[in-house]
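Number of protein chains: 2
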Amino acid sequence: MIFSSKAEYGVRLMIELGRQQPEHPTSLKAIADAEGLPLAYLEQVVARLRRAGLVMSARGAHGGYWLSRPAEEISMDEVVQALEGAIAPMECFVHDHTERVLCSHMPDAGRGCATKLLWTRVQGGIIRSLQNTTLAELVAFSERSEIQPLPAEAIGAAAPAS
Amino acid sequence: MIFSSKAEYGVRLMIELGRQQPEHPTSLKAIADAEGLPLAYLEQVVARLRRAGLVMSARGAHGGYWLSRPAEEISMDEVVQALEGAIAPMECFVHDHTERVLCSHMPDAGRGCATKLLWTRVQGGIIRSLQNTTLAELVAFSERSEIQPLPAEAIGAAAPAS
DNA sequence: TTCTAAACCGACCGCCCTGGTAGGATTTAC
DNA sequence: GTAAATCCTACCAGGGCGGTCGGTTTAGAA
């Protein structure tokens, strides 16, 4: 349970928007119905995406949301970051934005913090796998897998563990 | 805040044990004092490491804990997994252990779940960065950085993002 | 043989965050 | 002017997390 459901819902929302032709706004209600998600909660989720400039919106009747850029140019790094805030494997990463790798738990000691070395690597692993995936890829995957149950080798690109 | 503090405390505990010569048991109290961590809570943390077979223990006076294997042979993958449970970027990963990539949120639909493709890649990124780090590395890092404030290039090995 | 230091065990508990709801205000097409 | 939609803020219940407490058992030492 590393990421919250905001990330799950938000990514699904982005995929759904990626499947529509742009400039034709899609209402939240349509997405909520299609994905079986609570509308009122989706409002909060999409607000983060809007504030991050990933989607645009039109108010009033027949209003809705659409991607502000083509899906090929949207890396999932941006999406997840907008939804979850900074990608941090450990609490001390959220503050302490110096590039010096010091453990925030003992800031006075001047000792390098060995755990932070580990978490920095993990953070790198997460961010890289997110950066290497575009929204367009996920959209294509969702459309492909509607026809056939599953390609199953399509997971690659980041070489699954073990 | 992806990992809980159990991971932080447990990793620090393992590093501390790695700095001692083996077969000489170290008491939890010594570690708690050295790291400034609550002893009673550390007990719960170390219990997980013991159940996972990563540390061994001796009861009674002058008892304590030690690594069950040399630090070079302990990958941080095992350590974090013992402390945190399965490494799962999303809730649906915890159950649903089939190798088929189906979205557990709509198990009947038979559609491949595009979000799961993303989370699988993220999971791979995390696990790989953990597997590529040994406890011995962290021990060496912690001993080196006791002398000098920081090497700062030593973070590499998993090529930090951007 | 009693004292003491340690590992072990299980129950408990407050706080905060997550996921979600409620109710409204505002905008716009028809 | 009415309906459909975005937008905004406050609120709330539940659960997990970090932590405490009290006690039992084991084993070395005086």
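In order, the protein sequence lines correspond to chains A and B.
The end of the first sequence is residue 162 by our numbering, with every number in the run present.
The end of the second sequence is residue 324 by our numbering, with every number in the run present.
All C-beta atoms in this analysis are idealised placements derived from N, C-alpha and C, irrespective of residue type, glycine included.
Cβ of residue i within 8 Å of any chain B Cβ
i: Thr98 (chain A); result: The predicted position of Thr98 (chain A) is uncertain, since its pLDDT is 40 and thus under 50; a value taken from the coordinates is nonetheless stated next. Not closer than 8 Å to any Cβ of chain B, the Cβ of Thr98 (chain A) fails to qualify, so no.
i: Ile2 (chain A); result: yes
i: Ser68 (chain A); result: no
Chain A contact for residue i (CB, 8 Å cutoff)
i: Gly225 (chain B); result: no
i: Leu279 (chain B); result: yes
i: Val217 (chain B); result: no
i: Gly287 (chain B); result: yes
i: Ala250 (chain B); result: yes
i: Arg290 (chain B); result: yes
i: Glu170 (chain B); result: yes
i: Ser189 (chain B); result: no
i: Ala173 (chain B); result: Position check: residue 173 (chain B) holds Val in this sequence, whereas Ala was assumed. So yes, Val173 (chain B) belongs to the interface.
Limits of the alpha helix (DSSP H) - the one that residue i falls within
i: Leu67 (chain A); result: That residue, Leu67 (chain A), is in no alpha helix (DSSP H); its beta strand (DSSP E) goes 64-67.
i: Ala52 (chain A); result: First-last for Ala52 (chain A): undefined, no H or E at that position.
i: Ser129 (chain A); result: 114-131
i: Glu84 (chain A); result: 76-84
Chain-ordered neighbours of residue i on chain A, where CB pairs are closer than 8 Å
i: Leu300 (chain B); result: Ala114, Thr115, Leu117, Leu118
Proximal residues of chain B, C-beta to C-beta of residue i below 7 Å
i: Thr133 (chain A); result: Leu280, Arg283
i: Ile15 (chain A); result: Ala276
Residue i: contacting residues in chain A (beta-carbon distance under 9 Å)
i: Ser237 (chain B); result: Result: empty, since nearest Cβ-Cβ is about 11 Å, beyond 9 Å.
### Whole alpha helix (DSSP H) elements within the stretch 1-59 of chain A, 4-residue minimum
5-19, 28-35, 39-51
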